[in-house]
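Q: Shown below is the structure under consideration.
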Amino acid sequence: MNWISFLEEDMAVATLRLTIPLAFSTHPLTSSLRFPARKSIGNSTSSFRTVRMAANVGSDPETTSSASRVIDSHLHVWASPQEAATYPYFPGQEPTLTGDVEFLLKNMEEARVDGALIVQPINHKFDHSLVTSVLKKYPSKFVGCCLANPAEDGSGIKELESLVLESNYKAVRFNPYLWPSGQKMTNDVGKAMFSKAGELGVPVGFMCMKGLDLHIAEIEELCTEFPKTTVLLDHAGFCKVPENGEAKDTYTQLMELSRFPQVYVKFSALFRISRTGFPYQDLTPLLSQVVSNFGANRVMWGSDFPFVVLECGYKEAKEAVTIIAKQASLSSSDMDWILGKTLMQIFPGQWVLP
Numbered sequence: 007m008n009w010i011s012f013l014e015e016d017m018a019v020a021t022l023r024l025t026i027p028l029a030f031s032t033h034p035l036t037s038s039l040r041f042p043a044r045k046s047i048g049n050s051t052s053s054f055r056t057v058r059m060a061a062n063v064g065s066d067p068e069t070t071s072s073a074s075r076v077i078d079s080h081l082h083v084w085a086s087p088q089e090a091a092t093y094p095y096f097p098g099q100e101p102t103l104t105g106d107v108e109f110l111l112k113n114m115e116e117a118r119v120d121g122a123l124i125v126q127p128i129n130h131k132f133d134h135s136l137v138t139s140v141l142k143k144y145p146s147k148f149v150g151c152c153l154a155n156p157a158e159d160g161s162g163i164k165e166l167e168s169l170v171l172e173s174n175y176k177a178v179r180f181n182p183y184l185w186p187s188g189q190k191m192t193n194d195v196g197k198a199m200f201s202k203a204g205e206l207g208v209p210v211g212f213m214c215m216k217g218l219d220l221h222i223a224e225i226e227e228l229c230t231e232f233p234k235t236t237v238l239l240d241h242a243g244f245c246k247v248p249e250n251g252e253a254k255d256t257y258t259q260l261m262e263l264s265r266f267p268q269v270y271v272k273f274s275a276l277f278r279i280s281r282t283g284f285p286y287q288d289l290t291p292l293l294s295q296v297v298s299n300f301g302a303n304r305v306m307w308g309s310d311f312p313f314v315v316l317e318c319g320y321k322e323a324k325e326a327v328t329i330i331a332k333q334a335s336l337s338s339s340d341m342d343w344i345l346g347k348t349l350m351q352i353f354p355g356q357w358v359l360p
């Protein structure tokens, strides 16, 4: 079955299954005006209960193992307004959403999520003190992913080493839009940091917000030159459901990255890559193809908290992947990997059952 027929069939099934209208998403940073409408999706209407029932069915022992841990592969925390006196925001990056750790813990408890990988937020930029304090306070619940500093003087390489060895960070994020103007992630500093990450045994996450196609050549070059460095593709490389040939080409590029055994895919921030609303069932073909190409043991779910709270809710973010996986006919073993085992494999010794 080709992609178009798969997508058409999937959307037909989604139409039959869903009794709620699917609203189109926009970037979360510009969605505050839509919050009341979004919130209405979460009201206790009969249509929403229908979706909830589907999620509950998908999360029973037939779909996920009761002994498995649920680990969120991608979320952020930042200082509350009260904490900002001690942990200041980077000028111009003051958050408009609640994202403190206490709010996160409340959401995780409600959703029955056991742990998470905290990605350093742009709100604190290269000041990791807030996230470091959270990691120290909750060492059995959280693992940290620091933000790479691509300063031309190479100081970011030492910063990376220090954060890993002294502050217990276990991953690093490459944001290509923080590189000096005109520079690529494959410049001398980028290659040195990517190589250092491999030496330290920490994965590198790539944030391709403006499109995987803009950075695919850099990622392929780094993976080829440094095969020992593990790679995490944030939000499935920001690949949206294809509507034209260019988008289909990007999907192909994503799938072809599976030839690098060090590459893993975060099936995360579904609201960013879906063209519909919760529960984002237009992403069923994507999850099916990613699992088919990479294997479930190289795929991991992530919420993108706190942005997801505004979009559909944290608990609903977990429910969405369960609904999608059920529609994709994934096995209970596949779901165990996606919901936690993959991340636990990358970070052995973390989030272990008592």
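For the sequence shown, position 297 (counting from the first letter as 1) is numbered 303 according to our numbering, and the numbering increases by one without interruption.
For each residue, glycine too, the CB sits at the ideal point set by N, CA and C.
For the alpha helix (DSSP H) that contains Phe200, what are its first and last residues?
A: As a working mapping, residue 200 is identified with position 194 in the sequence shown. Looking at the DSSP string, the run of the alpha helix (DSSP H) that includes Phe200 is 194 to 206.
Q: Ordered along the chain, which non-local residues of its own chain (more than five positions away) have a Cβ less than 8 Å from that of Lys321?
A: The residue labelled residue 321 in the question sits at position 315 within the sequence shown. Hits under 8 Å: Asn113, Glu116, Ala117.
Q: Give the single residue among Ala242, Thr258, Phe277 whose Cα lies nearest to the Cα of Val271.
A: Counted from its first residue, the sequence shown places residue 271 at position 265. Answer by Cα proximity: Ala242.
Q: Do three or more CB pairs link the region 260 to 269 to the region 221 to 241 at distances below 8 Å?
A: yes
Q: DSSP three-state call for Lys176: helix, strand or coil?
A: Counting from 1 along the sequence shown, the entry for residue 176 is found at position 170. Three-state DSSP puts Lys176 in a strand.
Q: Any idea which residues DSSP pairs Trp307 with across the strands?
A: By 1-based counting over the sequence shown, the position of residue 307 is 301. As DSSP reads the structure, Trp307 sits in a beta bridge with Phe273.
Q: Suppose the cutoff is 6 Å on Cβ atoms and the five residues either side in sequence are ignored; what does the same chain contact list for Ala203 look like?
A: In the sequence shown, counting from the first residue as 1, residue 203 sits at position 197. Same-chain partners within the cutoff: Val178, Val210, Thr235.
Q: Within its chain, find whatever has a CB closer than 6 Å to the CB of Pro127; leave out the 5 residues flanking it on each side and keep chain order.
A: Reading the sequence shown from its first residue, position 121 is the one you call residue 127. Cβ within range, chain order: His82, Trp84.
Q: Exposed or buried, Thr51, counting other C-beta atoms within 10 Å across all chains shown (16 or more means buried)?
A: The sequence position of residue 51 within the sequence shown is 45, counting from 1. Bear in mind that the predicted position of Thr51 carries a pLDDT of just 32, short of 50, making it too unreliable to give a figure here.
Q: Buried or exposed for Val57, going by 16 or more other Cβ atoms inside 10 Å?
A: Numbered from its first residue, the sequence shown carries residue 57 at position 51. Note that Val57 scores 44 on pLDDT, short of 50, meaning its location in the model is unreliable and no value can be drawn from it.
Q: In three-state DSSP terms, what is Ala122?
A: In the sequence shown, the residue the question calls residue 122 occupies position 116. Reduced to three states, the DSSP call for Ala122 is strand.
Q: Whose C-alpha, out of Ala157, Phe148, Val305, is nearest the C-alpha of Ser6?
A: Within the shown structure, residues of the chain are numbered from 7 to 360, placing residue 6 beyond reach of any answer.
Q: Leaving out the 5 sequence neighbours to the left and right, which residues in its chain are closer than 6 Å to Cys318 when beta-carbon positions are compared?
A: To locate residue 318, count along the sequence shown from 1; it is residue 312. So the list reads Phe284, once near-sequence residues are dropped.
Q: Counting only runs that start and end within the region 209 to 288, where is the beta strand (DSSP E) found for 3 or more residues in a row?
A: Counting whole runs of 3 or more residues, the region 209 to 288 contains the beta strand (DSSP E) stretches 210 to 212, 237 to 239, 269 to 274.
Q: Quick check on Leu171: buried or exposed, where buried means 16 or more other Cβ atoms within 10 Å of its Cβ?
A: Here residue 171 refers to the residue found at position 165 when the sequence shown is read from its first residue. Burial call: exposed.
Q: How big is the Cα-Cα spacing for Ala223 and Phe300?
A: By one-based count along the sequence shown, residue 223 stands at place 217. By one-based count along the sequence shown, residue 300 stands at place 294. Near 19 Å, if we compare the C-alpha coordinates of Phe300 and Ala223.
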